[in-house]
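*Asks:* Residue numbers are given in my numbering: position 366 of the sequence shown equals residue 538, and the series is strictly consecutive.
Glycine included, each C-beta is placed from N, C-alpha and C at the ideal position.
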Amino acid sequence: MLVLVINSGSSSLKYQVRETSTEEVLLSGLVERIGETEVPDHAAALETVDGHLQRVLGDRAIEAVGHRVVHGGERFTAPVLITHEIVREIERLAPLAPLHNPAAALGIRALLDKWPKLPQVAVFDTAFHRTMPEYAWRYAVPDDLYKRHGVRRYGFHGTSHDHVAGRAAALLGIERHRFRAVIAHLGNGASVTAIRDGVSVDTSMGYTPLEGLVMGTRSGDLDASIVTQLVIRGNYTAEEMDRILNKDSGLKGLSGDNDMRSVVESAAAGHDGAELALEVASYRLQKYIGGYHVAVGGAQAIVFTAGIGENSWPFRKRVVDGLGALGVTLDEMSNVERSKEPRVISAAGSAIPVLVVPTDEESEIARATEELARTAR
Ligand code: ADP
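1) So, with DSSP's three-state summary, where would you put residue 362?
2) Could you give the residue range of the beta strand (DSSP E) that holds residue 374?
3) Sort out for me which residues DSSP pairs residue 241 with in a bridge.
4) For the alpha helix (DSSP H) that residue 401 lies in, which residues bound it at each end?
5) Determine the contact status of residue 254 and residue 226, defining contact as a CB-CB distance below 8 Å.
6) According to DSSP, is residue 190 part of a helix, a strand, or is it coil?
7) Using DSSP with H/G/I as helix, E/B as strand and the rest coil, what is residue 236?
8) Does the Cβ of residue 338 lie closer than 7 Å to at least one heavy atom of ligand 1?
9) Could you have a look at residue 273 and say whether DSSP puts it in helix, strand or coil?
10) Could you name the residues whose beta carbon sits closer than 6 Å to any heavy atom belonging to ligand 1, keeping them in chain order?
11) Run the CB neighbour count on residue 426, radius 10 Å, all protein chains shown included, and call it buried at 16 or more, exposed below.
12) Taking 8 Å as the threshold (C-beta atoms), are residue 372 and residue 380 in contact?
13) Looking at the secondary structure, which residues open and close the beta strand (DSSP E) in which residue 421 lies?
14) Starting from the Cα of residue 528, find the closest Cα among 282, 449, 514 and 270 and give me that residue.
15) Might you give, ordered along the chain, the residues of its own chain that have their beta carbon closer than 7 Å to the beta carbon of residue 512, omitting 5 neighbours on each side?
16) Let me know the secondary structure DSSP gives residue 248 once reduced to three states.
17) Write down every uninterrupted run of the alpha helix (DSSP H) in the segment 468 to 492 whose length is 4 residues or greater and which is fully enclosed by it, in chain order.
18) Which whole-angstrom value describes the C-beta separation of residue 276 and residue 239, a residue pair presumed to lie in contact below a C-beta threshold of 8 Å?
19) Beta-carbon separation of residue 299 and residue 215 under 8 Å?
20) Can you grab the Cα-Cα spacing for the pair residue 236 / residue 279, in whole Å?
21) Please report how far the alpha carbon of residue 369 lies from the alpha carbon of residue 363, in whole angstroms.
22) Taking the alpha carbon of residue 411 as the reference point, which residue from 399, 422 and 393 has its own alpha carbon closest?
23) I'd like the span of the beta strand (DSSP E) that includes residue 201, first residue to last.
24) Indicate the three-state DSSP secondary structure (helix, strand or coil) for residue 357 in the structure shown.
25) How long is the line joining the alpha carbons of residue 508 and residue 201, rounded to whole angstroms?
26) Closest to residue 294 by C-alpha separation, out of 185, 408, 259 and 189, would be which residue?
27) Tell me whether the beta-carbon of residue 453 lies closer than 8 Å to the beta-carbon of residue 386.
28) Just tell me which of 234, 197, 456 and 510 has its CA closest to the CA of residue 288.
29) Would you call the segment 217 to 225 and the segment 185 to 203 touching, i.e. three or more CB-CB distances under 8 Å?
30) Would you kindly work out how many angstroms separate the C-alpha atoms of residue 437 and residue 430, rounded to a whole number?
31) Determine the direct distance from the alpha carbon of residue 424 to that of residue 327, and round the result to whole angstroms.
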């Protein structure tokens with residue numbers, strides 16, 4: 173089936189056309205500067221995409237569309253076929269994901285207007301984590317905050333964690349429903365997920381993607397009083413704190429640079445801030461791996477994925493070198509190898525295999541879209 177995969181941001185729209193039977197990517201692209209004169213809105217962006225589709229596909233037609241939607245709240249536990257009611261629900265969840273859900277809804281509406289007959293599917297970043305037990309998703313705050321404001325942990329990157337868990341289990345020859353693992357998705361945003369019996373039982377991102385690991389520009393875990401104290405006594409506004417913690421913190425806050433490649437290079441050249449950033453980031457991840465090893469009842473694999481996880485061997489080495497207490501050891505040669513295939517990078521005697529597994533959120537979205545689109549026929 174020919175599936176168009178759409179990832180709508182507020183000012184950009186990423187797309188891919190995939191043939192699901194062969195996993196072939198026929199076309200991928202990015203429309204930027206939505207909201208500016210040349211591309212005033214998502215409908216205009218879609219016209220640009222349509223132009224590319226016609227040039228490349230000729231008379232082959234798209235058969236279904238899959239949309240990445242960041243927040244599915246408590247309602248969405250799996251991908252769904254989109255109706256007008258579903259779009260309204262995605263919009264209703266906007267307070268939980270103010271940057272992402274309104275943009276996704278705009279992209280979906282533009283497509284519904286243009287191709288009303290085409291089956292469309294929403295795939296939610298949060299859905300995979302709806303199997304977490306309540307003790308893992310509850311914050312220890314008054315019940316009212318949960319009931320009235322939805323204050324709980326949701327988790328993100330679910331499509332990636334799901335995809336990578338499946339591939340890792342297959343690589344090790346373990347049945348998915350018995351698989352226990354710790355999966356580290358390390359991109360600009362980063363999160364780590366505890367997999368037990370093949371499903372998510374805990375994850376490091378929470379109410380928003382701010383919680384958890386040290387990321388490119390996000391702080392990850394911190395004491396919430398930092399925010400309240402700086403707003404009450406430090407003359408910072410809530411908006412400034414939001415920006416500082418989401419855009420100016422993490423690797424960037426500590427080293428001045430948010431890109432892992434540059435941070436690794438600067439550290440090697442003797443830059444103290446870059447070295448500290450790597451120490452803080454790898455230590456934070458080690459703590460999560462240790463904690464989640466316990467949460468899953470003994471991991472059968474520790475898995476690295478996404479831009480940093482797949483490509484930065486120096487960062488992987490820093491993390492794995494600190495896991496000696498778990499009996500985990502790295503195979504230095506395998507760790508520095510470059511490959512697009514899933515592979516084991518731990519030494520033969522390592523108590524837990526360490527894997528690198530490339531993620532592919534688009535293929536997962538295309539697969540889910542095909543499955544639901546078939547039921548719609
Ligand atoms: P996003 O969350 O935007 O999808 P990615 O998964 O593309 O992010 O990851 C981006 C991160 O991956 C950046 O920190 C970048 O430095 C890092 N990265 C990408 N390629 C490499 C590489 N070859 N070596 C080291 N780090 C890399």
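*Replies:* Let me spell this out:
1) strand
2) 371 to 375
3) 296
4) 396 to 405
5) no
6) strand
7) strand
8) no
9) helix
10) 359, 360, 361, 388, 431, 432, 433, 478, 479, 480, 483 and 484
11) buried
12) no
13) Taken as a continuous stretch (DSSP letters only), residue 421 belongs to no beta strand (DSSP E), as it is neither H nor E.
14) 514
15) 530
16) coil
17) 478 to 483
18) 6 Å
19) no
20) 14 Å
21) 19 Å
22) 399
23) 196 to 203
24) strand
25) 30 Å
26) 259
27) yes
28) 234
29) yes
30) 12 Å
31) 23 Å
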